[in-house]
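Residue numbers (the numbering used here): 14 to 259. The structure appears below as structure tokens.
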Amino acid sequence: MEHTKTKGCLDSLTLKLLAMALMLCDHLWATVLPGVMWLTAVGRIAFPIFAFQVAEGFQRTHDRKKYLLRMLVFALISEIPFNYLYYSSPVFPFHQNVMFTFFIALLLMLGLEKVRSKGMGMYILAAVLSLPVGYFLGTIGMVDYYGSGVVTVLIFYLCRQIPHGWIGEVAGLAFLNCKLLGGMTIPLTLGSWTLEFPEQGLALLALIPIWLYNGRQGAHNKAIQYACYAFYPAHMLILALLRMYL
Numbered sequence: 014m015e016h017t018k019t020k021g022c023l024d025s026l027t028l029k030l031l032a033m034a035l036m037l038c039d040h041l042w043a044t045v046l047p048g049v050m051w052l053t054a055v056g057r058i059a060f061p062i063f064a065f066q067v068a069e070g071f072q073r074t075h076d077r078k079k080y081l082l083r084m085l086v087f088a089l090i091s092e093i094p095f096n097y098l099y100y101s102s103p104v105f106p107f108h109q110n111v112m113f114t115f116f117i118a119l120l121l122m123l124g125l126e127k128v129r130s131k132g133m134g135m136y137i138l139a140a141v142l143s144l145p146v147g148y149f150l151g152t153i154g155m156v157d158y159y160g161s162g163v164v165t166v167l168i169f170y171l172c173r174q175i176p177h178g179w180i181g182e183v184a185g186l187a188f189l190n191c192k193l194l195g196g197m198t199i200p201l202t203l204g205s206w207t208l209e210f211p212e213q214g215l216a217l218l219a220l221i222p223i224w225l226y227n228g229r230q231g232a233h234n235k236a237i238q239y240a241c242y243a244f245y246p247a248h249m250l251i252l253a254l255l256r257m258y259l
């Protein structure tokens, strides 16, 4: 798919740094600042930005197989820090870190690109089937955000290829986050009415910076690339140690 620059003001590196900061907020809440609820609220915005970056990176990388391998390597590196962060144990087989979520999504996108050469009819059929397949694989794999996480990446990948794809992004993220993921709710009082809004629904706010993306990479070299990958396991390990010793 051909990507063109837009009039947005955020490049890829800026989006990554924003998502990393928001993820850090959420993980601070999960470890050393559990009473500061706004940290986890704003943290809901991080995952869709990362998911968009994975879909975008897949389209732009010069070597998709290396991209897939890199994601797998860092998924394996991140698993012990992830387990310590959430479960205070080096091993917890019932919940895998988010890089495994992205690895599954990358596998499916790689498969879709292979099907594309067989004709548009086959590609459309495969694209439709990839959504329930991705949801199934993410759920049985017990990866972070489960099937909804895998499908989020696929939504960004597929919606970038169609006219008015932003409608699909809004509808898809609303369904996944408000209906399927749900979770804690935020009470909203309107006169005599009190509505319960799912906190996970705040993830839709991620679409604002995503739509401000200008198609540019921003500052980039191998050091920056691997620093962004390493931030995930490194910050989880540091926070897990802080919780242990504070």
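Yeah, the Cβ is synthetic: ideal placement off N, Cα and C, and Gly gets one too.
By the three-class DSSP mapping on this structure, what secondary structure does Gly23 have?
Mapped onto the sequence shown, residue 23 falls at position 10. One point to set straight first is that residue 23 is Leu, not Gly, in the sequence displayed. If DSSP states are grouped into helix, strand and coil, Leu23 belongs with the strands.
Classify Val156 as helix, strand or coil using the three-state DSSP reduction.
Walking along the sequence shown from the start, residue 156 turns up at place 143. Strand, per DSSP.
Hey, quick one: how far does the alpha helix (DSSP H) through Glu92 stretch, first residue to last?
Here the question's residue 92 lines up with position 79 in the sequence shown. First-last of the alpha helix (DSSP H) with Glu92: Arg77 to Tyr100.
Using only the alpha-carbon positions, how far apart do Arg83 and Tyr258 sit?
By one-based count along the sequence shown, residue 83 stands at place 70. By one-based count along the sequence shown, residue 258 stands at place 245. If you take the alpha carbons of Arg83 and Tyr258, they lie about 32 Å apart.
If we ignore side chains and look at the alpha-carbon of each, how far apart do Leu81 and Ala34 end up?
Mapped onto the sequence shown, residue 81 falls at position 68. Mapped onto the sequence shown, residue 34 falls at position 21. So the two alpha carbons sit approximately 24 Å from each other.
So, with DSSP's three-state summary, where would you put Gly204?
One-based indexing of the sequence shown puts residue 204 at position 191. If DSSP states are grouped into helix, strand and coil, Gly204 belongs with coil.
Between which two residues does the alpha helix (DSSP H) holding Leu255 run?
The residue given as residue 255 occupies position 242 in the sequence shown. Per DSSP, Leu255 belongs to the alpha helix (DSSP H) from Lys235 to Tyr258.
Measure the Cβ-Cβ separation of Leu150 and Leu121 and say whether it is below 9 Å.
As a position in the sequence shown, residue 150 is number 137, starting the count at 1. As a position in the sequence shown, residue 121 is number 108, starting the count at 1. Yes. Within cutoff.
Per DSSP, what kind of secondary structure is Thr17 in: helix, strand or coil?
Taking the first residue of the sequence shown as 1, we reach residue 17 at position 4. Residue placement at Thr17 is poorly supported in this model, since its pLDDT is 45, which falls under 50; the coordinates still yield a value, given next. Thr17 falls in the coil class under three-state DSSP.
Quick check on Gln109: does DSSP put it in helix, strand or coil?
The residue labelled residue 109 in the question sits at position 96 within the sequence shown. Three-state result, Gln109: strand.
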